[in-house]
Structures are given as C-alpha cells and as structure tokens.
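Residue numbers (the working numbering): 11 to 551.
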C-alpha cells in the first residue's frame, strides 16, 4: 500500500495496510462501471480454498503436504482498496493463474467467522497480506504487493523456490555468512511492512536494513540499492546523528544517481513513490540546497512515472501523490495547503481522468478512494467530496467512501457533517470485523466532536458490545484492537469521572459478554480489560 494514498481510512483513524501491485496493461477487463462482486474468493480462475477456521486451514496444509506443494495464503477484506487493487491487477493475470497451479492457494476473508483468530495464528493484521509456506507448513516469506505485476511474478517464483525461510536467511546475513544472489533478493523484497515485527522489531529495523545494504555485494547493485531505500524509509523521515553525516552524504549521492537513471528508478518505483517525502527528510535538512536538489530530482522522476502507461493507474496516482507531499514538505501545516496552480491543475485532471476511464469495479474501489484522498491532501475538499459522492452508488463498499467524506468534513471543521457521514458509514458497514472497526471509528468521532452527547455515545458503544457478543472471535486481532480503541477512548472521555455512571452501565453489559467466554480462552482476558483503567495506557494499532 502506498503510505500516502492507499491507507485504510476509517473515521479519521489511519490503519496500516499493505501493498498494491501494478497493473498489467491488459488486466482491467469489465464492460461497465459496476460495483465489484463481494465474493468470498479473491478472483475467478484460481482454485482458491476459502478458509475461515483452523480446521479448514489445517486441511489446506494437509493437501499441500500430500501434493508436495507450497501454500500461498492471502488475507484480505472486501472493502480494502489495496485488496481490490490486487484483485484487479494481479489475481486475474493469466500468468499468475497459471503459476497458481504450482501451489495451494488459500484465501482468508477478514470478515469470515473465524478469520480474526486465524489472524492471530498467522500474525497478520494489515490487509492485504500475502504469505508463502513450505509444503511442511513453515513460513518462507511475505510477499510485497506494491511492485509491478511482472516483478511480482518473478518474486513469487523466487519465494516458491526458496530453500530456507527468510528468517534463517536474515540470521546468516547478519552473521556475515555468504548468501546467494536469490537470497539477497529475498531479503530486499521481503514485505517488511507486513512482518508485524516477527523477524526484526520496529525500532532496530532501519539499522538492520542499513547493515544489510552495506553487506550486500557490490555486483548486486539493484538489490543493495533497494535495501538502502528500505533502510532510509524505515527511518520515517528522521535524520541520523551528525556523526553519520558522511554515510548520509554517500546515501544522498546514491539516491540522486538513482533518480537520474530512468530505468533504475522504474525498477525501484514502489519504494520511491511510496516514500518520497520520508526519503527527502531522511537525507536532507529543511530549506537547504541539498533538500532543494533532492526534491527537484524526485519531481522529475515522479513526473515521468506518473506518465508511464506501463504502470497501473494506482501507481501513477501514487507518483502524483508523492509530488503533492513533496510540495508541502517545508511549508507550514495548514487546513488548506497553498500549492502551485500547475500542480493543482494536474491533481484535478488526474482525478477526473481515472474517474472517467476506470471500468473495473475492483480497480474503482482502489483508485477512486485514493484520488479523493489526493484531492483532499491538495486542499481541494469540494472536488474530493464531489468525486466521493458521485461514486457512492458505484462502490461495493460505499461505507469506505463515507468515512472519507467524514474526514473531509472534519478538515473543514464541520462537526455535524463529519458525524453524519461517520454514522452513515457505520450503518452501512458489512461484515463482523468491519462493523466493529467502523463502529470504533464512529465512537472515536463522537467522543472527539460531541463529547457531551453521553446518551448517543453510550448507545453506540452498547450496540458494539452487543455485536461483539454475537461473534465467536470478536476479541482477536483487528476486532480486538477496534474494541480496545473504544475502551481507550472511553477512559479518556471519563477523565475526572465525568461519565462514571455511563461507564458503570457499559461495564455491566461487558461483564455479561466476557462471562460467556470460556475461562481458558485468551479472548476473556482481552474482553475483561477493555474498560479497566490499565487499558487506557496501552497503545493499540
């Protein structure tokens, strides 16, 4: 997923999501702009095994062992834009379909009854996540989704032929052992964004990637460059200590050389477009000649990528989004950013063009939501609203668009309109995990925008607890984090015991829900801690 564009926006809460592969020029192929079907399997043509329980997953792995095939596991959701992008541009490609015969393809819909428990089993959170397992069930690697489709096919084959899990490869690399070129590529193209800190904790990740970039053999220049870019992006825009100035000067020179080479930049397109602003911040100080030179070089490259018709519409839009982020980089934060007229004209024209051209329902869900966000980030809130409203009837998950409309209203300071759209988004949300997520966002909006409306807040939380009680796995993974966000928000709302009576009533309801969970079920502990004061100090995703 693009850091700026295809993030999962729900009532003002940004949730990490994964990646989006680029579109093959012939991939989009529906006759009319109609909503994509909300199918349980991601796409036709692939023999997906839809799994919603441990037993179904275990059966799929047993089949893999019997056939001596690896397992490709896809974790996604109907509404999520990057998932729709994957469906529109990768899973319907004939070469991917053909290669799927070499593995057992398993899909898990995040809203299926047991999906969130499976999320805990596989340590997956962001949609989409794509994993490869050996026939014996050992996780080999996590595949990125942001590379283009041809590159993805290569990486898929690389993962399928991997002799060792990426965790073992990483350990050898850090110990100074020799790796094969394919093993270095396995590390460079690992989906660190969906690793969930299984291999490397978040804090040392940038340093680990920097170490890998330095250790990668010079003759594997493209691989080493990707590791360097990933290391810089993992710093999230933070400059290193002045003692590392020489290393950063070398990195700056390498990035400038990369941006000057159209072919090399195209190969690293996903990292450059998704992290342009962070890379600029990591490599240069504000309002310096280095910053100006880097931003100019980025703009030249991004403009070329935006015009590259071999890229998907989503990737080309991400390149334009990066240019907007760069234009705002050293400007004071403002509700309505002041951007060059020419850039604003490009944003308007690009958004209008994708709206006019897209005919595939999955692609529309991915790209139009991104275009609306781009318009909003450029300060064009009215145009963003108009695009979203015009696409509500065309979307198979309009509640996502409604959440964007709510976010736009909040940017304007229109609390009433923000709450109206947030409520509509919750009302229209479908699927157990999705309803808890959107309900949590609605509670968040109510507490922030209408904190005195105690009856309304209590009523919505009661509804969420009732819906959680009706679900078998409401206190696992994303669903658990949605409910934990509610508990944390309510604790802050009750500061000074201003709403103690309401929280006591909610606690009574919650206690009844928790009591029905088995005593040895980990969900019981999560449930019991939701409204406890200690829960307020926990940070949840």
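Don't be surprised by glycine CBs; every beta carbon is placed ideally from N, CA and C.
Between the stretch 406-415 and the stretch 73-89, are three or more C-beta pairs nearer than 8 Å?
-> yes
Could you say which of 385, 297 and 294 lies nearest to residue 334 if we only look at CA atoms?
-> 385
Can you check whether the CB of residue 439 is closer than 9 Å to the CB of residue 427?
-> no
Delimiting residues of the beta strand (DSSP E) encompassing residue 333 | Taken as a continuous stretch (DSSP letters only), residue 333 belongs to no beta strand (DSSP E), being part of the alpha helix (DSSP H) at 323-337.
According to DSSP, is residue 89 helix, strand or coil?
-> coil
In this structure, does DSSP put residue 597 in helix, strand or coil?
-> No answer is possible for residue 597: the residues shown for the chain start at 11 and end at 551.
Span of the beta strand (DSSP E) around residue 427 | Where residue 427 is concerned, there is no enclosing beta strand (DSSP E), although the alpha helix (DSSP H) it sits in stretches over 425-438.
Kindly indicate which residue of 217, 452, 436 and 119 has the alpha-carbon position closest to the one of residue 246.
-> 217
Option in 62, 377, 147 and 352 with minimal Cα separation from residue 363 = 377
Express the C-alpha separation of residue 349 and residue 356 in angstroms, rounding to a whole number.
-> 11 Å
Taking C-beta to C-beta, are residue 512 and residue 468 nearer than 9 Å?
-> yes
Name the residue from 488, 279 and 339 whose alpha carbon lies nearest to the alpha carbon of residue 161.
-> 279
Do the stretch 110-118 and the stretch 181-188 touch if we need at least three Cβ pairs shorter than 8 Å?
-> no
Locate the alpha helix (DSSP H) running through residue 75, then write down its first and last residues.
-> 64-77
If we call anything under 9 Å between Cβ atoms a contact, is residue 142 one with residue 80?
-> yes
Find the nearest neighbour of residue 475 within the set 121, 535, 215 and 540, judged by alpha-carbon distance.
-> 540
Strand pairing of residue 151, partner residues [DSSP] | 142
Candidates 204, 264, 464 and 329, of which the one nearest residue 231 by Cα | 264
Closest by CA to residue 64, which one among 436, 118 and 221?
-> 118
Coarse secondary structure for residue 372, derived from DSSP in three states = helix
Rounded to whole angstroms, what's the CA-CA distance from residue 105 to residue 125? Just pull it up for me.
-> 29 Å
Less than 9 Å separating the beta-carbons of residue 331 and residue 380?
-> yes
Counted within 10 angstroms of its Cβ, other Cβ atoms place residue 220 as buried (16 or more) or exposed = buried
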